[in-house]
Amino acid sequence: EVQLLESGGDLVQPGGSLRLSCVTSGFTFSDFRMGWVRQAPGKGLEWVANIDRDGSGTFYVGSLRGRFSISRDNAKDSLYLQMNSLRAEDAALYYCVMINSDFAPFESWGQGTLVTVSS
Amino acid sequence: DIQMTQSPSAMSASVGDRVTITCRASQDISNYLAWFQQKPGKVPKRLIYGASNLQSGVPSRFSGSGSGTEFTLTISSLQPEDFATYYCLQHNGHPTWTFGPGTKVEIK
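The listed protein sequences derive, respectively, from chains Z and R. Residue numbers for the first sequence follow my numbering, so the first one is 25 and each next one is one higher. Residue numbers for the second sequence follow my numbering, so the first one is 36 and each next one is one higher.
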């Protein structure tokens with residue numbers, strides 16, 4: 025069974041940084057592209073970033089490029105999201121998602137980790 | 036970047052109603068379109084992929100159609116457990132993907 029377990033969400037001040045982690049199990053992590061999706065309180069889903077199987081390719085929603093960085097450690101079956109210069113509008117539930125295939129992505133989701141940005 | 040719109044943004048319907056939700060892309064995305072259902076406080080669940088392929092385990096009352104720029108999600112006979120928010124996702128754009136803004140289906 026595919027399992028995605030996020031952690032690292034916290035209360036952080038505006039301008040601060042945070043690193044989210046997603047530990048995976050139940051599948052061969054290095055065989056799959058992965059991504060992050062976020063959802064602000066009471067709002068819709070927003071695709072954040074994807075990363076290729078070996079980490080060589082990373083892709084971001086335009087508004088976050090330069091502040092957020094997606095990475096992975098295939099030896100640890102783990103996905104990461106480094107978030108810098110955090111703003112109030114970055115407050116959201118961040119989901120780790122599995123790109124099961126390029127034709128059929130996001131079948132598997134984690135439960136999410138909550139990021140709050142406030143002074 | 037490819038923009039996605041959904042209509043309606045919200046709707047009221049009764050159990051047994053046929054419900055149709057439309058998703059439009061700002062440019063041709065072929066059939067790289069998925070539909071998700073999200074209930075309050077829950078993780079989104081994929082219903083449809085490839086515009087018209089039903090996810091395993093999803094009831095057959097759900098169906099998807101379309102290609103290019105216009106897509107529909109149809110619920111043939113709305114059930115009490117179907118009241119939720121529905122999102123489309125385009126994943127043809129490179130390098131960016133986009134969710135639609137969502138359609139909330141409420142009980143009439």
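All C-beta atoms, glycine included, are put in the ideal place defined by N, C-alpha and C. On a predicted model such as this, the values are computed, not experimentally measured, just so you know.
Report yes or no: is there a C-beta of chain Z within less than 7 Å of the C-beta of F134(R)? yes
Give the residues of chain R in contact with E131(Z), contact being defined as C-beta atoms less than 8 Å apart. R81, Y84, Q90
Using the Cβ count rule (16 or more neighbours within 10 Å means buried), how would you classify N108(Z)? exposed
Since P145(R) and Q72(R) should fall inside the 8 Å C-beta cutoff, what is the C-beta to C-beta distance between them, to a whole number of angstroms? Residue coverage of chain R in this structure runs from 36 to 143, which leaves residue 145(R) outside it and unanswerable.
Length at least 3, wholly inside the region 32-73 of chain Z: the beta strand (DSSP E) runs in chain order: 42-49, 57-63
With a threshold of 16 other CB atoms inside 10 Å of the CB of E25(Z), please say whether the residue is buried or exposed. exposed
Buried or exposed for D114(Z), please, with buried defined as at least 16 other CB atoms from any protein chain shown within 10 angstroms of its CB. buried
Where does R57(Z) land, buried or exposed, given buried means 16+ other C-beta within 10 angstroms? buried
Between the C-alpha atoms of E70(Z) and I110(R), what's the straight-line distance to the nearest angstrom? 24 Å
Given this structure, state the Cα-to-Cα distance separating I83(R) from S98(R), to the nearest angstrom. 7 Å
Examine chain Z for any beta-carbon lying closer than 7 Å to the beta-carbon of P130(R), and answer yes or no. yes
Alpha carbon to alpha carbon, how far is S95(Z) from D117(R)? 36 Å
In chain Z, what lies closer than 8 Å to A69(R) by C-beta? A128, P129, F130
Here's a check: name, in chain order, each residue in its chain whose Cβ is nearer than 7 Å to the Cβ of P115(R), leaving out the five neighbours to either side. V50
Check the Cβ of E70(Z) against every Cβ in chain R and list those closer than 7 Å, keeping chain order. F134
In the DSSP assignment, the beta strand (DSSP E) including T131(R) goes from what residue to what residue? Here T131(R) belongs to no beta strand (DSSP E), and DSSP marks it neither H nor E.
Would you kindly work out how many angstroms separate the C-alpha atoms of A86(R) and S143(Z), rounded to a whole number? 43 Å
Minimum C-alpha distance to V93(R) - residue among S61(R), W70(R), K77(R), Q41(R): W70(R)
State buried or exposed for A73(Z), treating a residue as buried only when at least 16 other CB atoms are found within 10 Å of its CB. buried
Amino acids of chain Z, ordered along the chain, whose beta-carbon sits closer than 7 Å to that of D36(R): G86
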